[in-house]
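One structure is given below, encoded as structure tokens.
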Amino acid sequence: MPKATVFTYADANYYRFVAPFIYFWFRTNADVAVEVIVSDFDDYMRWHSGELACLRKHFPGRDFLIRRQIVARDTIPNTVRFIETPKIMSEYTYIADIDILVVEPDIIEQHLEEMQKTGLPYSNIKRDGLEKLSGLHFTRSNAYYPVPDLGDLDLSRHNDEAVLYEIVKRKGLPISVSKFRPVHGIHVSYNRPPLAEDTTTPDWGITKEYLDFFRALTIEPMFVEFEAHLDRGMQNTLDRIRTAGRLMGEPVSLAATAFTTIYRTNEWGASSSRSGPGSTWAATRRLRHHLRRTISELGIRTMLDAPCGDANWISEVAQHLDLYVGIDVVPELIASNAVYHAERNMAFKVADLAKDQLPKVDAIFCRDCLVHLPLEMAINVVRRFAFSGSKYLISTTFTATKENTDTIRPGPWRQLNLEIAPFFFPPPTRLINERMPGEPFADKSMGVWSIDDLRRLFEAKTPTDLTPTKSAISN
């Protein structure tokens, strides 16, 4: 039996939160079950059964229940969770808000520690000057259930937090004087912006720490797959959280600035792809054929396309995968991809290769990326690939290039050979040549390397070994 049951309620306006609510609790806290009452069970299941199937796939053995409302339909929605009794009964019950995406671990322990301090069988706070307790109530289950008789209250009009206050009083318990009321996560509200108007005060509780936790959790492959089942409104809500850092004053990287400008101005000049002439269907004909074969022969089922650009041609390859994740540093490009490539196994996220956490996948596909980065930045990106836990790296390399020149900023293109200084990759296990003999840049290829080999390469090198020289600089 789990140590605690997280118990809440959702009406039709909040159905989209039910599965994410369960996901974040399960991903961050091991010893909990989750039970959610929904106002119309049949209607909920009609539209959201795919999300629940994904939860069962990724959290086998974890206990969650979606069930029908029992109390009168005219009960104020926020009150239902306080007057119904969970079917999954545990030693402790945490009555919570459905629109909180939990990112903290060890939540049970935090509340047990507070209960030890106060001597009360519950953890909550009294609203200042009001006969109300807050809507987040952690309690020993046998101190709260059975719920006392509330027949004298009009539950269609009585405030939910006032009802909770009455329940605690009628159970003969003292009213808490504690000031401990953590939300434990990001409290989404469509009635207020993610950040307050001064852009510095969190209004959804988005702190730098929470944002880092959230980004790390939501770029994991299993969440990417899960998110593909969510409705567009919930996906947009998650993206609002991901981009909140910019409103909090996070600096925009040089790469983000450079490639956003290139995208907006179509600087590379291809008529069919803003990712440049190398991303057209004609330019990728040989690559598509050989990449499909490589994916099949190596048993690659999940792929990170880093960066994905405008994904102009990759859908032909992605259809042979269980999961394709495209990431790019240009937010408007990612938004466009999400509209034009809506296949269920394809997902797109804003991420910066130089700083954001990367998911663990079968293969990282990095085409025409490092050739646009200064060498130091390129090595940092490769280092992140090497320690991502993924299996293969498939990356652009020019096998005939004898010297790798540097560039002073992200954007300009030049040839790079990953087998020479400052990369020193071992020979690739496979080499996909993109060009025919006699064509310009006929040595342009996609090399396949074992991530484990690259990780061992970085572990064996000192920082000095991997520092590029500035002797050859291009603009």
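Residue numbering for the sequence shown follows the working numbering, starting at 20 and increasing by one per position. Even for Gly, the Cβ is constructed at its ideal location relative to N, Cα and C.
query, result
"Three-state secondary structure assigned by DSSP to Ser152", "Looking at the sequence shown, residue 152 is not Ser but Leu. Three-state DSSP puts Leu152 in a strand."
"Straight-line Cα distance separating Ile114 from Asn143", "11 Å"
"Span of the alpha helix (DSSP H), counted from its first residue to its last, around Asn97", "Pro96 to Ile102"
"Any 3 or more C-beta pairs closer than 8 Å across the region 77-92 and the region 119-131", "no"
"Leu476, enclosing alpha helix (DSSP H) - first and last residue", "Ile470 to Ala479"
"Buried/exposed call for Lys368, threshold 16 Cβ in 10 Å", "buried"
"Span of the alpha helix (DSSP H), counted from its first residue to its last, around Cys73", "Phe60 to His77"
"Opposing strand residues paired with Thr112 [DSSP bridges]", "Thr24 and Thr158"
"Pairwise C-alpha distance: Ser407 and Arg474", "9 Å"
"Cβ pair count under 8 Å reaching 3, the region 386-405 against the region 252-264", "no"
"Among Thr98, Thr262 and Tyr28, the one whose alpha carbon lies nearest that of Pro212", "Thr262"
"Rounded straight-line distance, which links the Cα of Leu342 to that of Gly148", "53 Å"
"Which of helix, strand or coil DSSP assigns to Cys388", "coil"
"Terminal residues of the beta strand (DSSP E) in which Val348 lies", "From DSSP, Val348 is part of no beta strand (DSSP E); its letter is neither H nor E."
"C-beta atoms of Tyr184 and Lys151 nearer than 7 Å", "yes"
"Rounded C-alpha distance that separates Ala461 from Asp324", "23 Å"
"Cβ distance (whole Å) where Asp116 is taken to contact Leu155 below 8 Å", "7 Å"
"Straight-line gap, Val123 to Ser298 (C-alpha atoms, nearest Å)", "Per the sequence presented here, residue 123 reads as Glu, with Val not at that position. Straight-line Cα distance between these residues: approximately 41 Å."
"Residues near Ile260 in its chain [Cβ-Cβ closer than 7 Å; skip 5 each side]", "Ile205, Pro213, Ile225 and Phe233"
"For Val90: DSSP bridge partner residues", "Answer is none; Val90 lacks a bridge partner."
"Element boundaries [beta strand (DSSP E), containing Asn399]", "It is not in any beta strand (DSSP E) - Asn399 instead sits in the alpha helix (DSSP H) that spans Leu394 to Ala405."
"Contacting residues, own chain, Cβ-Cβ under 6 Å from Asp347 (five flanking each side not counted)", "Pro326, Cys327 and Ile353"
"Ser109 versus Leu120, Glu103 and Asn161, residue with shortest Cα-Cα distance", "Asn161"
"Buried/exposed call for Phe10, threshold 16 Cβ in 10 Å", "Because residue 10 is not part of the residues shown, which for the chain are 20 to 494, the question remains open."
"Local Cβ density within 10 Å of Lys106, reported as buried at 16 or more and exposed below that", "exposed"
"Presumed contact (8 Å Cβ cut-off) between Pro167 and Ile186, rounded CB distance", "6 Å"
"Pro165 classed as buried or exposed, judged by whether at least 16 other C-beta atoms fall within 10 angstroms", "exposed"
"Under the three-state DSSP convention, the category Thr415 falls into", "strand"
"Pairwise C-alpha distance: Phe444 and Ser490", "Unreliable placement is indicated for Ser490, whose pLDDT of 41 sits below 50; the coordinate value is still reported in the next sentence. Their Cα atoms are separated by approximately 21 Å."
"Endpoints, alpha helix (DSSP H) assigned at Gly252", "Arg251 to Arg261"
"Neighbourhood of Ala370 by C-beta, 6 Å cutoff - its chain only, sequence neighbours within 5 removed", "Ile346"
"Cα-Cα separation, Gly252 to Lys22", "33 Å"
"Option in Phe36, Met465, Thr416 and Val401 with minimal Cα separation from Phe477", "Val401"
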